[in-house]
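Q:
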Amino acid sequence: MRNATLAAKVAVAFLALTPLSAHACLNDRDSDALAFEAKQLPIARPGASREAPDIPGIVEVIVGRFPRNPALYYQLRIERCQRELATDPKQLPLYDDISVAYDKLGKSGEALAWIEKKRPRIPASDTEALYRYFANAGTFRAHRWLRDGAKEERIGELEQARAEIAKAIALKPDAHFGREAAQLQAMDWILKERTKQSLAYFIHRNAPSGNLREPATLTSTPDKTLLGLAGLVVLGNAWESVDVFGALAGQLNKRGDAKVAYLAELRCRELIRVGKKSLFEGAKLPEAPHRSGEDYLITPASRHWLGITNQDNVATKFKELRAAAETWQAARTAFMEARFKAGRHPDTDPHFWDGYQDSPAPSLDIPWHKEASANFGNWLMRYGAMGVFVLFWGSIIGAVIYLVLPTKRRRKR
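Residue numbers -24 to -1, 1 to 389, in mature numbering (1 follows the signal peptide of the UniProt record, and there is no 0), belong to the letters of the sequence shown in order.
#1: Measuring CB atoms only, is the stretch 56 to 63 touching the stretch 246 to 260, in the sense that at least three cross pairs come out at less than 8 angstroms?
#2: Should residue 63 be labelled buried (16 or more other beta-carbon atoms within 10 Å of its own) or exposed?
#3: Run the CB neighbour count on residue 3, radius 10 Å, all protein chains shown included, and call it buried at 16 or more, exposed below.
#4: Per the DSSP calculation, residue 272 is bridged to which residue(s)?
#5: Does chain D have any CB closer than 8 angstroms to the CB of residue 211?
#6: With DSSP as the reference, label residue 75 as helix, strand or coil.
#7: Out of curiosity, what's the CA-to-CA distance linking residue 31 and residue 337?
#8: Assuming residue 144 and residue 114 make a contact with CB atoms under 8 angstroms, what is their CB distance in whole Å?
#9: Do the stretch 280 to 298 and the stretch 239 to 247 meet, that is, are 3 or more Cβ pairs less than 8 angstroms apart?
#10: Is the CB-CB distance between residue 107 and residue 94 below 8 angstroms?
#11: May I ask you to report which of helix, strand or coil DSSP gives residue 250?
#12: Which same chain residues end up closer than 6 angstroms to residue 180 when comparing Cβ atoms and leaving out the 5 residues on each side of it in sequence?
#13: Using three-state DSSP, classify residue 294 as helix, strand or coil.
#14: DSSP state of residue 90, grouped into three classes?
#15: Could you give the first and the last residue of the continuous alpha helix (DSSP H) run that contains residue 140?
#16: Apart from the five residues just before and just after residue 75, which ones in its own chain have a Cβ nearer than 7 angstroms to its Cβ?
#17: With DSSP run on the structure shown, which of helix, strand or coil describes residue 351?
#18: Distance, Cα to Cα, residue -8 vs residue 342?
#19: In its own chain, which residues sit with a C-beta less than 7 angstroms from the C-beta of residue 71, not counting the 5 before and 5 after it?
#20: Give every residue of the same chain whose Cβ lies closer than 6 angstroms to the Cβ of residue 256, excluding the five residues on either side of it in the sequence, and list them in chain order.
#21: Leaving aside the five residues before and after residue 138 along the sequence, list all residues of the same chain whose C-beta is less than 6 angstroms from its C-beta, in chain order.
#22: Across the stretch 42 to 51 and the stretch 305 to 319, are there enough close Cβ pairs to call them in contact, namely three or more that are closer than 8 angstroms?
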């Protein structure tokens, strides 16, 4: 039998954690616009901030400079979709739009009911529509299970949700930057919770390694695991997930991107300060250099290898970027709500965004100081335990050769 505390643990965490542990893998017109037009997508071109400021990179995902719509946006969409489907129920994309809107409003049961109305209308040859159905249905089913208290006797619902997400991946493996694959990992983590490990550790043990390099820039290209996790934040519900940001930090550390990893860790800590919780009850943050393991929210952990000065610089930049992102988001929301009151909505009004002025993002450059501890930390992150082993025994053998050979030469004389 699975761990008896699973349901209670997840239910308690859910009350404090608005985004769900299964994390949304939602498909509607908004995800299409972000994925295919790359108009405001923070992960369309990873690390593109320096090359093209209008297409942000992984840092903007971490600090929250990406579109998050108010509740009225989704309510108005629901009302329009209901009217149009009553007239023509064959409009398959509208089932995606209305169901995702319901889920965004926390009504996963209604979302699932609407997406199920789409299923019998999908032609067997329409792979895209089938992919969207399975991706959405699996997400709504997982969300409903969690919102209903994550009852152990209903664990079969989560297993069914996982199977639906797996079908979606089989139909379209690289959709939305591997977001579904990352979601599947998160669901596997819940289903295998009895192994007592954080999401970061679970992904660390199961994700492929990236190419390590010195963390001297904020614009490195994340691998598919990072893209998938970032996709859960931007295109899903993981913006307030302690677990996802911990996993992001761990994967960035694994690649050697220590500065960006520390930004993600700071977001994780920010969430904890305001009461958000991990779904893993034994989770803790690393407080000592290079501490990592199954109990840690961030693993491998290495922020201490940045050095004190670099830590302070990154922390200062994080506060600046977060404040700017919240100001940007507030201005965007105010612009939208003023037009909603006038009966306008971007779904139907091609001029909805006329007059909107996007504020420029702050610089992402962070000074890098070559401190001794940071230099050794970079080396350790790059070569790991094997590097330490080789260095240790190489030093011993070198010392022996240095001491023994001169003695033998003197004896020969």
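Ideal Cβ positions, reconstructed from N, Cα and C, are used throughout, including at glycine.
A: So, to answer that:
#1: no
#2: As a working mapping, residue 63 is identified with position 87 in the sequence shown. So residue 63 ends up on the exposed side.
#3: Here residue 3 is taken as the residue at index 27 of the sequence shown, counted from 1. Under this definition residue 3 is a buried residue.
#4: Taking the sequence shown and counting its residues from 1, one reaches residue 272 at position 296. Partner(s): 260.
#5: The structure shown contains no chain D; it holds only a single protein chain.
#6: By 1-based counting over the sequence shown, the position of residue 75 is 99. In the structure shown, residue 75 sits in a helix (DSSP, three-state: H, G or I).
#7: Counting from 1 along the sequence shown, the entry for residue 31 is found at position 55. Counting from 1 along the sequence shown, the entry for residue 337 is found at position 361. Unreliable placement is indicated for residue 31, whose pLDDT of 33 sits below 50; no coordinate value is reported for it.
#8: One-based indexing of the sequence shown puts residue 144 at position 168. One-based indexing of the sequence shown puts residue 114 at position 138. Confirmed, Cβ separation roughly 7 angstroms.
#9: yes
#10: The residue given as residue 107 occupies position 131 in the sequence shown. The residue given as residue 94 occupies position 118 in the sequence shown. Contact flag unset, no.
#11: For the purposes of this step, residue 250 is identified with residue 274 of the sequence shown, where counting begins at 1. In the structure shown, residue 250 sits in coil (DSSP, three-state: anything other than H, G, I, E or B).
#12: On the sequence shown, position 204 is the one that residue 180 refers to. 226 and 275.
#13: What you label residue 294 is simply residue 318 of the sequence shown in a count that begins at 1. Residue 294 falls in the helix class under three-state DSSP.
#14: Counting from 1 along the sequence shown, the entry for residue 90 is found at position 114. Helix at residue 90.
#15: Here residue 140 refers to the residue found at position 164 when the sequence shown is read from its first residue. Here the alpha helix (DSSP H) through residue 140 covers 131 to 147.
#16: For the purposes of this step, residue 75 is identified with residue 99 of the sequence shown, where counting begins at 1. Hits under 7 angstroms: 87, 90, 91, 112 and 116.
#17: Within the sequence shown, the letter at position 375 stands for residue 351. Low confidence applies here, because residue 351 scores a pLDDT of 49, under 50, leaving its location unreliable and the question unanswered by this model.
#18: In the sequence shown, residue -8 corresponds to position 17, counting from 1. In the sequence shown, residue 342 corresponds to position 366, counting from 1. Bear in mind that the predicted position of residue -8 carries a pLDDT of just 34, short of 50, making it unreliable; the figure below should be weighed with that in mind. Going from the Cα of residue -8 to the Cα of residue 342 covers about 31 angstroms.
#19: Here residue 71 corresponds to residue number 95 of the sequence shown, with the count starting at 1. For residue 71, where only same-chain residues beyond five positions count, the Cβ hits under 7 angstroms are 90, 91, 93 and 94.
#20: By 1-based counting over the sequence shown, the position of residue 256 is 280. Closer than 6 angstroms at Cβ, skipping near neighbours: 174.
#21: For the purposes of this step, residue 138 is taken as residue 162 along the sequence shown, with counting starting at 1. Excluding positions up to five away in sequence, the list reads 163.
#22: yes
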